[in-house]
Amino acid sequence: MKGMGARRGGGGAGVSPEQIQHDFYTQHAERYDADFVCEGDEHYVALDFISALIDGYGYKSVLDVGAGTGRGVKHFLERNPDIEVKGIEPVRALIEQGERKGIPPDTIIEGRGDEMPFGDESFDVVCEFGILHHVADPKPILTDMTRVAKRAIFLSDENRFANGGRMQRAVKYGLYNLGLWPLAFRLKNRGRPYLLTAGDGGVAYSYSVYDSLAQLNEWADRTFLVPLLPAPASRFHPLFGTTNVLLCALRDA
């Protein structure tokens, strides 16, 4: 589900983060939904919001990038039954698990998020749910999303700036603006640009949907952001207010 732009690699004594992710999802495929998908979580909030916009704008097709076992695909098939629904996922075991739970065969295809086998403007809507914080460089994936999308792109993902206490958030933002946050993150994680975790994917990178705002602003006629979790305190700026955000990028017809 995650690591959509990453190639698998060995690396001798060292195991690449891409290989760690691929192995993680392969090994956890059968229990992935039970262990890592929570009914009513932030991505379900995003899915409901996107479905409402699909109805409101009359969109006719949607692609879920990093579809995993088909949480998003299943939602759109049930909630928006009159549109074309497709998913792309690099881990075969997750696709097969989705098909076992009722996703029609070939609805989710095997492939990478930065090399999608679709023509330009193939889908009215292109979306992702929690994949970009699992890749080293989200930009190639976003580039291909903007290529295959015709009307709308939605990113439901993390916001690093809302993690930690008030002072930690301010320091993090200051380092980011000075271009020093990648170095600080590496120092914090023993030289690695990623965090090893026992949670979903086994590997996570420091990411915020705000990192992708400029790239989507170049593609869209308008963008806006929707908090997906309650803010801990109203005094915080929206940038610091919630750890999960839906970035919406829309093009006029």
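If you read the sequence shown in this note's numbering, its first letter stands for residue 54, the second for the next number, and so on. Ideal Cβ placement from N, Cα and C applies to all residues, glycine included. All values reported here derive from a predicted model rather than from experimental measurement.
Any heavy atom of the ligand NAP inside 7 angstroms of the beta-carbon of residue i?
| i | result |
| --- | --- |
| Asn242 | The ligand NAP is absent from the structure shown, which contains no ligand whatsoever. |
Find out if the Cβ-Cβ distance for the pair residue i, residue j is shorter than 8 angstroms.
| i | j | result |
| --- | --- | --- |
| Gly183 | Asp159 | no |
| Glu181 | Gly119 | yes |
| Arg145 | Glu131 | no |
| Val179 | Leu116 | yes |
| Leu292 | Tyr263 | yes |
| Ile148 | Lys113 | no |
| Gly140 | Gly166 | no |
| Phe89 | Asp190 | no |
Measuring straight from C-alpha to C-alpha, what distance separates residue i and residue j?
| i | j | result |
| --- | --- | --- |
| Val201 | Leu300 | 17 angstroms |
| Glu271 | Ile161 | 29 angstroms |
| Pro157 | Lys225 | 44 angstroms |
| Gly67 | Ile73 | 10 angstroms |
| Tyr260 | Lys192 | 12 angstroms |
| Asp305 | Thr276 | 11 angstroms |
| Ala223 | Val98 | 28 angstroms |
| Glu95 | Thr295 | 11 angstroms |
| Gly125 | Gly218 | 32 angstroms |
| Gly93 | Ala273 | 29 angstroms |
| Leu195 | Gln268 | 8 angstroms |
| His290 | Arg153 | 44 angstroms |
| Pro280 | Glu83 | 31 angstroms |
| Cys91 | Glu174 | 32 angstroms |
| His75 | Ser265 | 24 angstroms |
| Lys127 | Ala87 | 16 angstroms |
| His186 | Gly111 | 30 angstroms |
| Phe238 | Pro143 | 27 angstroms |
| Ala205 | Tyr258 | 25 angstroms |
Can you tell me whether residue i is helix, strand or coil according to DSSP?
| i | result |
| --- | --- |
| Ser261 | strand |
| Thr276 | strand |
| Asp328 | What is shown of the chain runs 54 to 306, which leaves residue 328 out entirely. |
| Glu95 | helix |
| Arg219 | helix |
| Gly166 | coil |
| Leu269 | helix |
| Phe171 | coil |
| Glu187 | Glu is not the amino acid found at residue 187; the sequence shown has His there. Note: His187 maps to helix in three-state DSSP. |
| Asn242 | coil |
| Ile148 | helix |
Can you name the residues that DSSP bridges to residue i?
| i | result |
| --- | --- |
| Glu211 | Asn297 |
| Ser104 | Beta-bridge pairing links Ser104 to no other residue. |
| Ala302 | Ile206, Thr276 |
| Glu142 | Glu163 |
| Leu249 | Val256 |
| Phe182 | Ser209 |
In chain order, each beta strand (DSSP E) run of at least 3 residues that lies wholly inside the stretch 67-96: none
Inside the stretch 105-139 only - alpha helix (DSSP H) runs reaching at least 4 residues: 124-132
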